[in-house]
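One structure is given here, and the rest of the page talks about it.
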Amino acid sequence: MSYCLNPQCPNPQNPEEILYCLACGSKLLLRERYRPMKPIGRGGFGRTFYAVDEDKPSHPPCVIKQFLPQNTGDPKKAAELFQQEAIRLDELGQHPQIPEL
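First residue of the sequence shown? That's 45 in my numbering, and the numbers climb one at a time after it.
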């Protein structure tokens, strides 16, 4: 299954082999490379998805963090904190037991 990243999509679940969402028409590959498979978390800054890297032959697992702040008083501060989290996760992702971000 592929999962549409469009937060407004009425039906985000799609067959794995297609390139565009059947419900809203959004691209299903992020940067022509990463395919979100299913949501695995949601927080104050956005959503997290289990994904695969289709650019590599083995299609290794990875994680997509989508910035989608909710109820934040300061969007600039939220973006700053999200960026800091991404940097920390990137450092952790270099461990063989943790999926790449």
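Heads up, the beta-carbon is just placed ideally off N, CA and C, and yes, glycines get one too.
Sequence-distant residues of the same chain with beta carbon closer than 7 angstroms to residue i, five excluded per side
| i | result |
| --- | --- |
| Gln57 | Met45 and Tyr47 |
| Pro119 | Pro113 |
Nearest-angstrom beta carbon gap, residue j and residue i [assumed within contact, 8 angstroms]
| i | j | result |
| --- | --- | --- |
| Leu72 | Arg91 | Their Cβ separation, rounded to whole angstroms, is 15 angstroms, which puts Leu72 and Arg91 out of contact at 8 angstroms. |
Per DSSP, cross-strand counterpart(s) of residue i
| i | result |
| --- | --- |
| Gln110 | Arg91 |
| Leu74 | Tyr78 |
| Ser46 | Asn58 |
| Asp99 | DSSP output for Asp99 lists no bridge partner at all. |
| Arg86 | Arg91 |
CB contact flag (residue i, residue j, <9 angstroms)
| i | j | result |
| --- | --- | --- |
| Arg86 | Glu60 | no |
| Phe93 | Leu49 | yes |
| Pro88 | Ala122 | Checking the displayed sequence, the identity of residue 88 turns out to be Gly instead of Pro. It is a contact, given that the beta carbons lie within the stated cut-off. |
| Pro105 | Asp97 | yes |
| Gln110 | Pro54 | no |
Same chain, Cβ closer than 8 angstroms to residue i, neighbours up to 5 away in sequence not counted
| i | result |
| --- | --- |
| Tyr64 | Ser70, Lys71 and Leu72 |
| Leu74 | Leu49, Pro80, Ala95 and Ile108 |
| Lys82 | Met45, Tyr47, Phe93 and Tyr94 |
| His103 | Val96 and Asp97 |
Beta-carbon contacts of residue i that lie in its chain and below 6 angstroms, excluding the five residues immediately before and after
| i | result |
| --- | --- |
| Ile84 | Thr92 and Tyr94 |
| Cys68 | Asn50 and Cys53 |
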